[in-house]
Amino acid sequence: MPKKRCGFGFDCAGMMLQPGLEPGDCPNYFTCGAASSYTDEELVELVQVREQQRERIRVTRQQAAIMMLMSRGNPQDLNSLEVNNLISEIELSLQALKERLNQFENVYIAPEQTEVHQYNVKRRDKNFWYNKLTSKQAMFKPVDQRSLVKVIHLSHDDDPRNIEARLGVERRNQLTQVRTKLKEIQSRLADALDLLE
Numbered sequence: 009m010p011k012k013r014c015g016f017g018f019d020c021a022g023m024m025l026q027p028g029l030e031p032g033d034c035p036n037y038f039t040c041g042a043a044s045s046y047t048d049e050e051l052v053e054l055v056q057v058r059e060q061q062r063e064r065i066r067v068t069r070q071q072a073a074i075m076m077l078m079s080r081g082n083p084q085d086l087n088s089l090e091v092n093n094l095i096s097e098i099e100l101s102l103q104a105l106k107e108r109l110n111q112f113e114n115v116y117i118a119p120e121q122t123e124v125h126q127y128n129v130k131r132r133d134k135n136f137w138y139n140k141l142t143s144k145q146a147m148f149k150p151v152d153q154r155s156l157v158k159v160i161h162l163s164h165d166d167d168p169r170n171i172e173a174r175l176g177v178e179r180r181n182q183l184t185q186v187r188t189k190l191k192e193i194q195s196r197l198a199d200a201l202d203l204l205e
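Heads up, the sequence shown is in our numbering, so the first residue is 9 and it goes up one at a time.
The following block contains the structure:
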């Protein structure tokens, strides 16, 4: 004779809190045995034993399937799949990033598409090296003209204007790289949200 099985796939012994209970001896055997004939919306009455008492529950096939999988299917959750940990780590990383970005407050950051160039000027048989902040289009405020200019002269290498302009270009480069990474993260998070729709 073939071994009797629960039509819903329950662990009858666990559901009835009776170790060793076989499906054929379960009070739900005939109800569960007709599982495939029930409609999706039809409620089925099952007997379930809790620690204190025996109770009757009414479930659909889907609810019964969820109950069975939750009791037998080694269910995972956001913690066991480390999703919550990853979100916490991302939040901590974003907070650390915000704190590090504070160093860019109240300092010069060069505009995009600008660079500092060094150039040579010959005067009376001597070469002098100077620096300038340049742009392909006029964007800098002039000293004595009305229209914007393409160049700001920065003097010698050790002049604070040159040093700060070069630091400004470095800061700009760092921030544009950070911006690129943040856009990638934003795109990946949007993809993750789309997966859950």
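For each residue, glycine too, the CB sits at the ideal point set by N, CA and C.
Since this is a predicted model, take the numbers as computed values, not measurements.
| query | result |
| --- | --- |
| Which listed residue (L102, V159 and R132) has its alpha carbon closest to that of Q121 | V159 |
| Buried or exposed (CB count within 10 angstroms, at least 16 for buried), A118 | buried |
| For Q182, the three-state DSSP class (helix, strand or coil) | helix |
| Nearest residue (CA-CA) to R169, options K140, K149 and I193 | K140 |
| Backbone CA spacing between V52 and T68 [nearest angstrom] | 6 angstroms |
| Inside the stretch 28-72 only - alpha helix (DSSP H) runs reaching at least 4 residues | 37-41 |
| Segment limits, beta strand (DSSP E) that includes I98 | Element bounds for I98: not the beta strand (DSSP E) but the alpha helix (DSSP H), V91 to L109. |
| Option in G28, F16 and L29 with minimal Cα separation from T39 | F16 |
| Distance between beta carbons of Q56 and M23, contact taken as under 8 angstroms | 6 angstroms |
| Which of helix, strand or coil DSSP assigns to L77 | helix |
| Straight-line Cα distance separating H125 from K149 | 18 angstroms |
| Sub-8 angstroms separation of Y138 and V151 beta-carbons | no |
| Opposing strand residues paired with N139 [DSSP bridges] | Q126 and S163 |
| Residues near P83 by beta carbon distance below 8 angstroms, same chain, minus five either side | L77 |
| CB of Y37 within 8 angstroms of CB of K11, strictly | no |
| Contacts around H161, its chain only, beta-carbon distance under 6 angstroms, and the 5 residues preceding and following it disregarded | K140 |
| Length of the line joining the Cα atoms of E172 and E97 | 35 angstroms |
| Cβ-based neighbour list, Q61, same chain, cut-off 8 angstroms, excluding 5 preceding and 5 following | none |
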